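Undergrad:
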Amino acid sequence: MHIELTMAWRNIWRNPRRSILTILAIAFACLLLVFMLSFQFGSYADMIRFSLNIHTGHLQIKAEGYQKNREIRKVISDPAAVAERLEDRPDIRDYTFRSNAFSLLSSEKRTYGSMITGIVPDREARLTTIEAVIRKGDYLATGDTNQVIIGDLLAENLRVDVGDELVLLGQARDGSVAASMLAVAGIFSSGQEEMDRSVAMITRDTFDRLYFMRGAVHEIVAVCPSLADVKPAVTGLKETLSGLDMRYPLKVWTWQELIPGLLQGIKIDLISGVIFYLIMIIVVAFSILNTFLMAVFERTREFGVLLALGVSHARLTHLLMLESSFICLVGMAAGIAGGAALTLYFQHTGIHIAGAAEILRFYGLPEALRPQLSWLSLLLGPAVVFVVTFLTALYPAWRVRRFKPVEAMHAT
Amino acid sequence: MKRMLFLTLCLMLIPSLSFAAERSAESIIGDALDQMRGMTSRSTNTMTIHRPDWERVMTIEGYTRDREYSIFWVLSPPRDEGNGTLKRGNEMWTYNPKVNRVIKLPPSMMAQSWMGSDFSNDDLAKSDTIVEDYTHRLTDVTTVDGKKVYIIDSPAKPEAPVIWGRLRFEIREDNVLLKEEFFDEDGALVKIMEALEIKTMGGRVLASTLKVYKTDAPDEYTLLVVDAVTFDLALPSNLFTRSALKNPPR
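Right, here's the structure in full:
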């Protein structure tokens, strides 16, 4: 065994240029895969964080049945009791209350149906990007009584600007008419069209008064320290909250259930990425196959001599497989090391795309894109490369098994 | 003289002859709609919105003219007194005394419920064009309590701006609408309106209690009871206008 290892290692360096080129091809494929996968996973994490930070949060607690029809009656009757349970949990970083009602908003000239949301301004600002995406005027302040902030598309549709008056007309929790004059305090643009087109926010206290909520809310939105904490937190919350005595039983929703489209979008992007990587790996595999085949045919006479000296076909195959494994492992090690170094560098400094910083900041996104190195992104690509290279190397090794000593020695 | 007598006889026979011929489905529906409204009408109604854990009772005063115009005001509960709805053809306006503004309902609100009931704004707005928006076919005639009941199947016309795919009516021979069923575009039964009580009021036979409910939640319903009604009275010509909405007649 020892002698085979030594022979294989020496054989590789008999033609250093070709071996180094092969190693580089493998190293480059690995490096690229490590970096690209890290970059992709990093941008997915950013995408999820960004989408959830706009409005959704990591999880939401609602009354059973509220999610489907958003009936104003289906309330969380005692939000303080839920908040108390949330305070106790280390896997909940922060939370806020919201109430919603589909109502009419009417300016001097125009009227649109709108989703009126009652928020707690300071809590909402800690959880979401809403304060950062106010484009004109001011964010809501605690204690505001008739101020409203509306999406820019809604403002455009209603033909209103900061300071203008709007009439709100809707239906309160008890079925009576909710009506009030509101002053536009600010206009936001979140980048999510549906929200910018239909949402208007007032303070929770104003909402409570107008819609006769008597202290109840519709949603409690919470965030965990990290996305990985969401699942255990939801499981734990379901148990804790089931003990509460509420008018309607409570239901906990994860962000995946609230915006299923987000994960689907990511999956589609990932699949197109995977197709690209497969094509790249196939190209690399062919170049390696070429190298290995050349190595075998070039050394036909040498193999003939070895066979004539009594080396078995099995041992010869073994030797060739060792050679290709060495090349492959050295390439992979170099690729992983290089890929990790490159990824860590950009993870540290971030990738600044010229001109994009302003747009990113506009929507409350971090200004630099950062790849995210993980065990998965580090090892997944190289593992696939190893398997493919190994399979490729089988073919020349298998060809050697058909060599006959005398014929091989006579080969030119 | 003999000739005169014959002519008179002929003239007398004509109306009964036309009555004997089967009435068209359109005219049955049209007559049933007109029976509830008359040329003009004034009514007080009690609307009860029932939910398993909640109930709300409102009294509403309403005026109508032809099939096109109607105007309603809420009389009680006190919190909502003076809230009004005006319908002119397919358009609707709503008025709230607190903000003192008349607001035209945008298309996006038409599918929303009217005053929190199981009636949608569309049910009211599109009620006068039922005859034109659907094709009507008399499918069956049954007899209930010795009176003929016409069963009419009405698929929506392809180009009609309506939300229902098909309607089905049960109308008694004296023009009382017993039941109306609303089907969606896939042909599934969504909503049912039925007469629970039939009375003679204001000189007409009509459904004095109507119940509306969705088939997927039969324990949630709206009851509309006609407390008093007068037909064919003289109404001021400016009653069905936006300015009238702000000033209910007292």
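As you go down the protein sequences, you meet chains R and L in turn. My numbering applies: residue 923 is where the first sequence begins, and numbers increase by one. My numbering applies: residue 2 is where the second sequence begins, and numbers increase by one. C-beta atoms are modelled at their ideal positions from N, C-alpha and C, and glycine is treated no differently. These figures come from a predicted structure and were not determined experimentally.
#1: Give the straight-line distance between the Cα atoms of R/G1165 and R/G1137, rounded to the nearest whole angstrom.
#2: For a contact meaning CB atoms closer than 9 angstroms, what does R/Y1034 contact in chain L?
#3: Check each candidate in R/L1062, R/E1161, R/R1221 and R/V1156 and name the one with the smallest Cα separation from R/A1122.
#4: Could you check if R/A1077 is buried or exposed, using at least 16 other CB atoms within 10 Å of its CB as the buried criterion?
#5: At a threshold of 8 angstroms, does R/I994 count as lining the ligand COA (C-beta to nearest heavy atom)?
#6: What residues in its chain sit with their C-beta under 7 angstroms from that of R/S1299, if we drop five residues either side in the sequence?
#7: For R/S1194, collect the residues of the same chain with a Cβ closer than 8 angstroms to its Cβ; drop the 5 residues on either side in sequence, then sort them by chain order.
#8: Just to confirm my understanding: we take R/L1211, look at its own chain, exclude 5 residues before and 5 after, and list those with CB closer than 6 angstroms. What are they?
#9: What are the boundary residues of the beta strand (DSSP E) that includes L/N101?
#10: Sorted by chain position, which residues of the same chain lie with C-beta nearer than 7 angstroms to L/S19's C-beta, five sequence neighbours on each side aside?
#11: Along the segment 1103 to 1115 of chain R, where does the CB come closer than 8 angstroms to a CB of chain L? Name the residues.
#12: For the segment 1053 to 1104 of chain R, list the alpha helix (DSSP H) runs that are entirely contained and at least 4 residues long, ordered along the chain.
#13: Once DSSP output is grouped into helix, strand and coil, what is the label at R/W1320?
#14: Determine the contact status of R/V1106 and R/L1088, defining contact as a CB-CB distance below 9 angstroms.
#15: For the segment 87 to 106 of chain L, which residues have a beta carbon sitting closer than 8 angstroms to at least one beta carbon of chain R?
#16: Along chain R, in chain order, which residues have C-beta atoms closer than 8 angstroms to that of L/R52?
#17: Starting from the Cα of L/Y151, find the closest Cα among L/K180, L/F120 and L/T65 and give me that residue.
#18: How long is the line joining the alpha carbons of L/R167 and L/K192, rounded to whole angstroms?
#19: Kindly say whether R/L1159, judged by its beta-carbon, lies nearer than 9 angstroms to any beta-carbon of chain L.
#20: Just confirm the distance between the C-beta atoms of L/M40 and L/D233, as a whole number of angstroms; I'd bet it's less than 8 angstroms.
#21: Less than 8 angstroms between the CB atoms is what I'm expecting for R/I945 and R/M1117, so what's the real figure, rounded?
#22: Report the residue from R/L1291, R/D1151 and R/Q1269 whose alpha carbon sits nearest the alpha carbon of R/G1277.
#23: R/S1234 to R/M1331, Cα distance in whole Å?
#24: Starting from the beta carbon of L/G85, find every residue of chain R whose beta carbon is closer than 8 angstroms, and list them in chain order.
#25: Is the segment 1007 to 1021 of chain R touching the segment 1142 to 1149 of chain R, taking contact as three or more C-beta pairs under 8 angstroms?
#26: Work out the CA separation of R/V1205 and R/G1261 for me, nearest whole Å.
#27: Under 8 angstroms between beta-carbons, which chain B residues line up against R/V1307? List them in chain order, please.
#28: From the DSSP output, read off the bridge partner residues of R/T1039.
#29: Please list, in chain order, the chain R residues whose beta carbon lies closer than 9 angstroms to that of L/R275.
#30: Between the segment 1065 to 1087 of chain R and chain L, which residues of the former have a C-beta closer than 7 angstroms to a C-beta of the latter?
#31: So the alpha helix (DSSP H) L/A218 belongs to, where does it begin and stop?
#32: Going by DSSP, which residues form a beta bridge with R/V1174?
#33: Please list the terminal residues of the continuous alpha helix (DSSP H) segment that includes R/G1187.
#34: Let me check one thing: in DSSP terms, what residues is R/G1108 bridge-paired to?
#35: Does the CB of L/D119 have a neighbour CB from chain R at under 9 angstroms?
#36: I need the DSSP call for R/R1237, collapsed to helix, strand or coil.
TA: In this structure, then:
#1: 20 angstroms
#2: P107, S109 and M110
#3: Measuring from the Cα of R/A1122, the nearest candidate turns out to be R/L1062.
#4: buried
#5: With respect to the ligand COA, the structure shown offers nothing to examine, as it has no ligands at all.
#6: For R/S1299, where only same-chain residues beyond five positions count, the Cβ hits under 7 angstroms are V956, L959, S960 and F963.
#7: none
#8: T1314
#9: Neither: L/N101 is in no beta strand (DSSP E) and is coded neither H nor E.
#10: Confidence at L/S19 is low in this model, with a pLDDT of 42, below 50, so the placement of that residue should be treated as unreliable; the coordinate-derived value is given next. None.
#11: Correct list: M1103.
#12: Runs found: 1074 to 1080.
#13: helix
#14: yes
#15: T95, N97, K99, V100, R102, I104, K105 and L106
#16: R995
#17: Nearest C-alpha to L/Y151 among L/K180, L/F120 and L/T65: L/K180.
#18: Taking the CA atoms as reference points, L/R167 sits about 11 angstroms from L/K192.
#19: no
#20: Sure, about 5 angstroms apart at Cβ, within 8 angstroms.
#21: Rounded, the Cβ-Cβ distance is 52 angstroms, inconsistent with contact.
#22: R/L1291
#23: 15 angstroms
#24: Those do not exist, as L/G85 stays about 10 angstroms from chain R at its closest Cβ, beyond 8 angstroms.
#25: yes
#26: Going by the C-alpha atoms only, they are around 19 angstroms apart.
#27: The displayed structure is made up of protein chains R and L, and chain B is not among them.
#28: R/N1022 and R/M1123
#29: Outside the modelled stretch of chain L, which goes from 2 to 251, sits residue 275 of chain L, for which no answer is possible.
#30: Per Cβ criterion, the list is empty.
#31: No alpha helix (DSSP H) contains L/A218, which is instead part of the beta strand (DSSP E) from A218 to F232.
#32: R/I983
#33: P1182 to E1220
#34: R/G1059 and R/I1071
#35: no
#36: Residue state, collapsed to three classes: helix.
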